[in-house]
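Chains as they are written, first to last, in this note's numbering: chain A, 1 to 201; chain B, 202 to 402. Beta carbons are placed, not taken as given, at the ideal position from N, Cα and C, and that holds for glycine. Reviewing the structure listed below.
Number of protein chains: 2
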Amino acid sequence: MKASVFVGTSLDGFIARNDGTFDFLPAGGGEPHGYTEFMATVDALVIGRHTFDTVAAFDAWPYAKPVFVLSSRALSPTLPGVLVERLAGPPAVVVAELAARGIAHIYVDGGITIQRFLEAGLIDRLIVTRVPVLIGTGIPLFGAVSRDVLLTHVATRQYASGLVQSEYAVRAGSRAAGDVPALVECETRPGSDASPDAESR
Amino acid sequence: MKASVFVGTSLDGFIARNDGTFDFLPAGGGEPHGYTEFMATVDALVIGRHTFDTVAAFDAWPYAKPVFVLSSRALSPTLPGVLVERLAGPPAVVVAELAARGIAHIYVDGGITIQRFLEAGLIDRLIVTRVPVLIGTGIPLFGAVSRDVLLTHVATRQYASGLVQSEYAVRAGSRAAGDVPALVECETRPGSDASPDAESR
C-alpha cells in the first residue's frame with residue numbers, strides 16, 4: 001500500500017497556528033495546485049483526532065473519500081452519508097488493516113499523524129506546498145525522527161500566487177521502524193480496551 | 202542598505218544539528234546553486250558568535266568579504282589577512298553603523314542572527330535552499346516572530362541533486378519592528394559597557 005502526504009505549510013513549516021486555525025493559508029485552498037488531482041488518486045484518508053475535530057466543525061464535510069480517524073475515543077457524530085470510521089493502534093497495524101481491506105493508496109493528514117507515520121517508515125510520498133509567510137509559532141508539519149529520513153526530490157512546481165510545491169519520495173532505505181506486526185497480534189486480544197491495537201479491529 | 206539571507210536547510214528547516222555540525226548538507230556546498238554569484242553581490246557578512254566560532258575552526262577561512270561578528274565578547278584570533286570585526290547592539294544599530302560606513306548589501310548568516318534581523322524587520326531577501334532530508338531536531342532557521350512576516354515569492358530553482366532553492370522578498374509592510382535608532386543615541390553613551398549599543402561604536 002502507498003501512503004502520501006499532501007499538505008500546506010507556512011515557509012517556517014507550520015500547518016496551523018497553535019489554536020488550530022490556519023488563516024495564513026490561502027482561503028478556499030488558494031490557487032489550484034493539484035489537490036483535486038491528488039485526491040482522485042487516493043482511496044481513503046487517515047487523519048488524526050485533532051484534524052477530525054477541526055474538519056467536523058466545518059459547515060460542510062470536506063472529503064468525498066472514506067476517512068479513517070485515529071483515536072482511542074468515540075467520534076462526534078458527522079453528517080449523514082459521511083464515510084468515517086475510527087481506528088486505533090500503531091501506524092503499521094493501521095496500514096496492515098487498511099491494506100487487508102483492499103485500500104491501495106492512503107492520504108495521511110494532520111501533524112501528529114504525519115509525524116507518527118513518517119517515524120514508522122510508512123510514508124512513501126510527501127507533497128508540501130509552502131505559503132509565502134512566516135508565522136513564527138504553531139503546529140509543525142515535521143517532528144522528531146529517530147534517524148535521518150532521506151528523500152528523493154521528484155518535482156517542484158511554483159504558482160503565480162507565490163505557492164511553491166515540492167514533491168519528495170521517501171527513500172526506502174532511510175525509513176525508521178518498519179516491521180509490520182502480523183494482524184493476528186491484535187486479533188488475539190479483541191476484547192482488551194487496554195490494548196490500543198484492539199480498537200483497530 | 203539591503204540585507205539578504207542565503208542559507209541551506211534540511212526539509213524540516215534546520216541549518217545545523219544540535220551540536221552545530223551540518224553533515225546533512227552536501228559536502229563542499231554541493232552542486233553549484235548560486236552561492237558564488239550571490240556572494241559577489243554582497244559587501245560584507247554579519248554573523249553571530251556561534252557561526253563565527255564554527256567557521257573559525259575550519260582549516261581555511263571561508264569568506265573573502267569583510268565579516269562583522271555580533272558578540273559582546275572578544276573574538277578568538279583569526280588567520281592573518283582575514284577581515285573580521287566585532288560589533289554589538291541591536292540589529293537596527295548594527296545596520297545603521299554599517300550603512301554609515303558605506304556598506305550597501307550585507308549577508309546575514311547564523312540562526313539566531315537571522316531570527317533577530319527578521320524580527321527587527323531588517324531582512325530584505327531570503328534565499329533558502331532545501332536539502333532533501335529530514336533530521337528531526339537541530340538549530341532552526343526560523344524562530345518566533347511578533348507578527349506574521351509576509352513574503353513575496355521571487356523565484357524557485359531546482360537542481361539535479363535534489364536541492365530546491367526558493368527566493369523571497371520580505372514585504373515591507375509586514376516587517377515587525379522598524380524604527381532605526383538615530384546613531385546619536387549610541388554616540389551619547391560611548392563609555393557605558395552596560396549598553397550593548399556602545400560596543401558597536
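Within-8 Å CB hit, residue i to chain A
i, result
"A217 of chain B", "no"
"F225 of chain B", "yes"
"D325 of chain B", "no"
"H234 of chain B", "no"
"H354 of chain B", "yes"
"G367 of chain B", "Reading the sequence as shown, one finds Ser at residue 367 of chain B and not Gly. Answer yes: the Cβ-Cβ gap between S367 of chain B and chain A drops below 8 Å somewhere."
"G322 of chain B", "no"
"T255 of chain B", "no"
"T357 of chain B", "yes"
"T338 of chain B", "yes"
Residues that DSSP places opposite residue i in a beta bridge
i, result
"H105 of chain A", "A:K2"
"E85 of chain A", "A:F68"
"S347 of chain B", "For S347 of chain B, which the question treats as bridged, DSSP gives no partner whatsoever."
"E167 of chain A", "A:I127 and A:A155"
"P140 of chain A", "A:F14"
"G8 of chain A", "A:T129"
"L134 of chain A", "B:V350"
"A245 of chain B", "B:I307"
Range of the contiguous alpha helix (DSSP H) that encloses residue i
i, result
"F253 of chain B", "R250 to A257"
"F239 of chain B", "Y236 to T242"
"R317 of chain B", "G312 to E320"
"A297 of chain B", "P292 to A301"
Host beta strand (DSSP E) of residue i (start-end)
i, result
"R326 of chain B", "R326 to V332"
Residue-chain proximity (residue i, chain B), Cβ-Cβ < 8 Å
i, result
"A144 of chain A", "yes"
"L11 of chain A", "yes"
"G162 of chain A", "yes"
"I114 of chain A", "no"
"G178 of chain A", "For G178 of chain A, the predicted model reports a pLDDT of 44, less than 50, meaning its position is unreliable; a value from the coordinates is still stated below. False, the Cβ-Cβ gap to chain B never drops below 8 Å."
Residue i Cβ short of 7 Å to the ligand NAD heavy atom set
i, result
"I106 of chain A", "The model on display carries no ligand, and the ligand NAD is accordingly not part of it."
Chain-ordered chain E contacts of residue i [CB-CB under 9 Å]
i, result
"V133 of chain A", "No chain E appears in this structure, whose protein chains are A and B."
Query - Contact between the segment 289–300 of chain B and the segment 337–348 of chain B (3+ Cβ pairs under 8 Å) - result: no
Query raised in the report: Taking contact to mean at least 3 C-beta pairs separated by less than 8 Å, is the segment 231–243 of chain B in contact with the segment 356–371 of chain B?
Result: yes
Query raised in the report: Are three or more beta carbon pairs between the segment 50–64 of chain A and the segment 119–133 of chain A nearer than 8 Å?
Result: no
Report task. Count the C-beta pairs between the segment 70–77 of chain A and the segment 41–49 of chain A that are closer than 8 Å, then say yes if the count reaches three, no if not. Result -> yes
Query raised in the report: At a cut of 8 Å, does the segment 306–316 of chain B reach the segment 237–247 of chain B through at least three beta carbon pairs?
Result: yes
Report task. Report yes or no: do three or more beta-carbon pairs, one from the segment 124–134 of chain A and one from the segment 342–359 of chain B, lie closer than 8 Å? Result -> yes
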